[in-house]
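Residue numbers (our numbering): -7 to 240. Just so you know, even glycine gets a beta-carbon here, dropped at the ideal spot from N, CA and C. Remember, it's a predicted structure, so these values are computed and weren't measured experimentally. Contents: one structure, followed by commentary.
This is how it looks when you write it as structure tokens:
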């Protein structure tokens, strides 16, 4: 008798995990093995923004509004956002290659200090043609110290910023809040955070100089590719009905 691979996989899925009368309790290793044989593997959960149903509805509304936009349309958009960086506490993971006996060596440890050893907040803009201005600011965002970043977060819709945009005749998209996946500039913050590992940072001044240097070296091609991905991001949002997706 010839049994196909598909039939074998179905048979594995039918293997009972529950205890039968007279059987002892199955241990965790057995359960993991059965799940692995059935095609279930272990993955690390992804950190994504928490979204209420109202957020998802707003995201889907914009995605449908821009569903027929092509790259030429997105080239006319100025993307802006703010981010926060710390001297020591990096967001990304670092890896080392070592012998099992070297677990206590200093190179295994990444310094982490309370408060991050000092931090910097930045606000920047980009288009398909490249990066624009990058501003460093202290304290909280309020009506006077920051403007133009427009993603419907309360601090971004201040009276001062809205007045400035209207005065300069800048059209606004009704951008949904809690939607970093819609903002191409978010990827630039990740690029900066990764490249900061190449710098020896001892204080806030070092951090600021490093961020500025990395920012000025971001190529126009990188920005062009990020904006080129916008139609794909919008299409993905429509497919998942405004909910969170794994890709962005």
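Secondary structure note for residue 152: it is in no beta strand (DSSP E), and the uninterrupted alpha helix (DSSP H) holding it is 151 to 159. The C-beta distance from residue 73 to residue 124 rounds to 12 Å, too long to fall under 8 Å, and the pair is not in contact. With contacts defined as CB atoms closer than 7 Å, residue 237 and residue 227 fail to qualify as a contacting pair.
The shortest CA-to-CA distance from residue 114 to any of 153, 52, 45 and 178 is the one to 178. Selection 235, 192, 45 and 94 evaluated against residue 80 yields 192 as nearest (Cα-Cα). The distance from the Cβ of residue 67 to that of residue 212 is about 12 Å, inconsistent with a contact at the 8 Å cut-off. Put simply, the segment 49 to 64 does not touch the segment 185 to 200. Fewer than three CB pairs are less than 8 Å apart. Within the same chain, 58 come within 8 Å of residue 65 by CB-CB distance, once the 5 residues on both sides are set aside. For residue 126, the pairing in a beta bridge is given by DSSP as 116. Residue pairing from DSSP places residue 75 in a beta bridge opposite 114. Using a Cβ distance threshold of 7 Å, residue 41 and residue 170 count as a contacting pair.
Closest in alpha carbon position to residue 200, among 155, 152, 118 and 110, is 110. Exclusion of the five residues before and after residue 202 leaves 188, 191 and 193 as the residues of its chain whose Cβ lies within less than 7 Å of its Cβ.
Here the alpha carbon of residue 218 sits roughly 13 Å from the alpha carbon of residue 172. With distances taken between CA atoms, residue 210 lies nearest to 181 out of 195, 181 and 90. With at least 16 other beta carbons inside 10 angstroms of its own, residue 207 counts as buried. For residue 37, the secondary structure class from DSSP, reduced to helix, strand or coil, is coil. The C-alpha of residue 29 is placed about 34 Å away from the C-alpha of residue 225.
Just so you know, the alpha carbons of residue 92 and residue 35 end up roughly 24 Å apart.
Within the model, the alpha-carbon separation for residue 233 versus residue 162 is close to 29 Å.
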